[in-house]
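Per numbering that gives the first Met the number 0, the very first residue in the sequence shown carries number 0; after that it's consecutive.
Ideal Cβ positions, reconstructed from N, Cα and C, are used throughout, including at glycine.
Since we're looking at a predicted model, the values are computed, not measured.
Worksheet: the structure to be examined is printed underneath.
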Amino acid sequence: MRPMEAVRPRVSYSDLERAPEDGRRYELYDGAMFVVPSPLVMHQRATRELLLALNDYSGAHGGEVLISPIDIVFTEYDVLQPDLVFFHQARVSLIAPDRPIRVPPDLAVEVLSPSTAATDRGKKMQVFARFGVQEYWIVDPKAQTMEVYKLESDAFILRQLAGVTDVLGSPTLEGFECRVARIFPSGTSTESP
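Below, the structure written as structure tokens:
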């Protein structure tokens with residue numbers, strides 16, 4: 000006889016919307032609810048610089064970049080809060096300014112933190128692929144690297160691993176270039192030079 004296991008109720012986005020505000024951020028993976036921890040300073044610095052770089056790109060090429068916290072509702076039971084998302088100009092009209100986003104972004108970006116790295120590289124990446132996010136960047140402030148993944152068929156393929164001496168490109172954002180050193184301002188890394 001197997002020991003009794005606790006059954007967790009499946010949580011929906013509607014459940015989250017009805018719940019009293021408690022100051023926490025949540026993500027849903029197939030109805031399982033997870034608290035999103037607050038980011039560290041090095042995470043926020045990298046996120047800020049990426050926001051500025053993507054904002055420069057959208058100013059020149061159109062499109063919209065949005066920053067967390069913002070819910071991307073893939074299904075009622077799969078709701079994520081990527082650090083940054085980008086929508087091409089042709090798809091911006093699909094975003095209602097007064098409702099949750101229910102279409103996959105063209106690009107999702109996650110900046111790693113010690114507490115989120117396994118999720119960002121695992122189940123979050125799988126959800127992005129399953130729902131058709133075309134490109135996924137993983138930013139590692141500690142190692143000062145950026146990984147660019149492109150969706151091919153139903154899986155992400157690493158297209159670029161860029162370090163601080165490299166220029167980041169994008170298969171989805173035509174003409175996008177950014178020096179990786181810009182993303183990691185001095186003092187971002189906790190490693191010795």
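- Spatial neighbours of residue 30 in its own chain (CB-CB distance under 6 Å, excluding positions within 5 residues in sequence) are listed in chain order as 9, 10 and 76.
- Straight through space, the alpha carbons of residue 160 and residue 100 are spaced by roughly 29 Å.
- For residue 82, same chain residues with a beta-carbon under 6 Å away, outside a window of 5 residues either side, are 46, 67, 108, 109 and 110 in chain order.
- Here the C-alpha atom of residue 57 lies approximately 7 Å from the C-alpha atom of residue 64.
- Note on geometry: alpha-carbon atoms of residue 79 and residue 120 lie some 14 Å from one another.
- The beta carbon of residue 115 is closer than 6 Å to none in its chain, skipping five residues each way along the sequence.
- Ranking 12, 184 and 39 by CA distance to the CA of residue 33 puts 12 first.
- DSSP places residue 71 in the strand class (E or B) of the three-state scheme.
- For residue 14, the three-state secondary structure derived from DSSP is helix.
- As a beta-bridge residue in DSSP terms, residue 138 pairs with 110 and 145.
- For secondary structure counted as the alpha helix (DSSP H) over 4 or more consecutive residues, the stretch 28-84 holds these complete runs in sequence order: 40-60.
- Annotation for residue 182: the continuous alpha helix (DSSP H) segment containing it runs 179-182.
- Burial is judged here by how many other beta carbons sit within 10 angstroms of a residue's own beta carbon; residue 21 has fewer than 16 and is exposed.
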